[in-house]
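Asker:
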Amino acid sequence: MKNIGFLSFGHWSPSPQSGTRSASDALLQSIDLAVAAEELGADGAYFRVHHFARQLASPFPLLAAVGAKTSRIEIGTAVIDMRYENPLYMIEDAGAADLIAGGRLQLGISRGSPEQVIDGWRYFGYAPQDGQSDADMARANAEMFFKLLEGKGFAQPNPRPMFANPPGLLRVEPHSEGLRDRIWWGAATDATAVWAAKLGMNLQSSTLKFDESGEPLHIQQAKQIRAYREAWKEAGHERTPRVSVSRSIFALVNDMDRAYFGGSGDSTDHFGYIEPEKRAVFGRSYAAEPEVLVEQLREDEAIAEADTLLLTVPNQLGVDYNAHIIEAILKHVAPALGWR
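Residue numbers are given in our numbering: position 30 of the sequence shown equals residue 133, and the series is strictly consecutive.
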């Protein structure tokens, strides 16, 4: 395991029991947690994107702010729903955020998950073309975005521009060199993982996956990762791809940990439906004393296959406690798994 970061959904609730009661709280605390995670030695700060929800939504202002406040840690998403995105405008936002961060952006994109409203992307002005599904639209947007990141000119310049143009066709600016190699696809199936490999995108696999064999999540994910790497090799890409998996992991090192999570460790995965007629497998949670966690995680085949582990954090418990969760894993668990 080369890299360990956190993944926050950025939930907020006006409930008195929540430490994150507003959108402002969620955003500002996300920045503070990224700063704290960098100081602790974590490798990545990643954020989920959900629309029409009391969660983090527009990612690029947050990513830019985190980039300006930190200097080393990777900054990413897991994932941006490409059904809601204009690829050209996204190029501008992503390029600006990556330049502010000094080339540390790691953008996870995907078809997205079921949303809070029906066909929410329609309210953003997007709709599939005739014969397309919303998933087809997301992949088409992703392919356009990925292609434009090459930085090649494609737009005919005005012969009488307000400002002087460089020669030739124009590209979307600002262009951030190297960002194209730091795009990840969040794959819920083996087939989309193979598709991402052929295009040259890195792979993100979440705490859930569409069930394709009835096996536990970590076994299905491990097979998905191996299929992805084989497709990458067959495609002839020159660089080494990266793969991340997400997990809910809590090391019980004090009484507060035991009070919060002492009874929350699941020994098995769960199967259910997040979409009609699409059965999914939901990964178990890990919560135990550090020495027990080490043994449990050593048996997780997907963690062994991946190079990056993203720890999902309960952001409504506040920055200090979430920093403690991350520190406990980095100090008491990660070294035994080969980190650092």
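Backbone N, C-alpha and C fix where the C-beta goes; we use that ideal spot for every residue, glycine too.
(1) Output the distance between the C-alpha atoms of T295 and K312, rounded to the nearest integer angstrom.
(2) Could you give the distance in angstroms between the alpha-carbon of E333 and the alpha-carbon of E408?
(3) Specify the secondary structure class of Q209 as computed by DSSP and reduced to three states.
(4) Classify A243 as helix, strand or coil using the three-state DSSP reduction.
(5) At which residues does the alpha helix (DSSP H) containing W298 begin and terminate?
(6) Measure from the alpha carbon of A145 to the alpha carbon of each residue in R186, A426, R214, L440, then state which is nearest.
(7) Quick check on F112: buried or exposed, where buried means 16 or more other Cβ atoms within 10 Å of its Cβ?
(8) With distances taken between CB atoms, is the gap from L355 to A330 smaller than 8 angstroms?
(9) DSSP has F109 in a bridge; who is on the other side?
(10) Check the C-beta distance from L159 over to V152 and give it rounded, since I have them as a contact under 8 angstroms.
(11) Could you work out which residue in Q120, E142, K301, S116 is closest to L130 when comparing CA atoms only?
(12) Since F385 is in the beta strand (DSSP E), which residue starts that stretch and which ends it?
(13) Taking the alpha-carbon positions, what's the I134 to A156 distance?
(14) So L165 and I183 are in contact, right, with Cβ under 8 angstroms, and what is the actual spacing, rounded?
(15) With 16 other CB atoms within 10 Å as the buried threshold, where does A338 fall?
(16) Within 10 angstroms of its Cβ, does V416 collect 16 or more other Cβ (buried), or is it exposed?
(17) For the putative contact between I212 and M185, defined by C-beta atoms under 8 angstroms, what is the C-beta separation to the nearest angstrom?
(18) Starting from the C-beta of V275, find all residues in its chain whose C-beta is less than 7 angstroms away, skip the five residues before and the five after it, and write them out in chain order.
(19) Alpha carbon to alpha carbon, how far is A437 from R359? Give it in angstroms, no decimals.
(20) Touch check for the stretch 212-225 and the stretch 250-267: three-plus C-beta pairs under 8 angstroms?
Answerer: According to the structure data:
(1) Cα to Cα, the separation comes out at about 11 angstroms.
(2) Distance between the alpha carbons of E333 and E408: 13 angstroms.
(3) Of the three classes helix, strand and coil, the one that applies to Q209 here is strand, per DSSP.
(4) Correct three-state label for A243: helix.
(5) For W298, the uninterrupted alpha helix (DSSP H) run begins and ends at 293-302, by DSSP.
(6) For A145, the closest alpha carbon among the candidates R186, A426, R214, L440 is that of A426.
(7) F112 is buried by the Cβ-count criterion.
(8) No, Cβ-Cβ distance for L355 and A330 is not below 8 angstroms.
(9) Residue pairing from DSSP places F109 in a beta bridge opposite A148, L414.
(10) With a Cβ gap of about 6 angstroms, L159 and V152 count as contacting.
(11) Closest option to L130, judged by alpha-carbon separation, among Q120, E142, K301, S116: S116.
(12) Unbroken beta strand (DSSP E) run through F385: 381-385.
(13) Each residue's Cα considered, the two are about 19 angstroms apart.
(14) Rounded to whole angstroms, the Cβ separation of L165 and I183 is 12 angstroms, and the two are not in contact under 8 angstroms.
(15) So A338 ends up on the exposed side.
(16) So V416 counts as buried.
(17) Contact holds; Cβ gap of about 5 angstroms.
(18) Cβ contact annotation for V275 (same chain, cutoff 7 angstroms, sequence separation greater than five): L191, I194, E195, L251, in chain order.
(19) According to the sequence shown, residue 359 is Met rather than Arg. Near 21 angstroms, if we compare the C-alpha coordinates of A437 and M359.
(20) Taking 8 angstroms as the limit for Cβ pairs, the verdict is that the stretch 250-267 does not touch the stretch 212-225.
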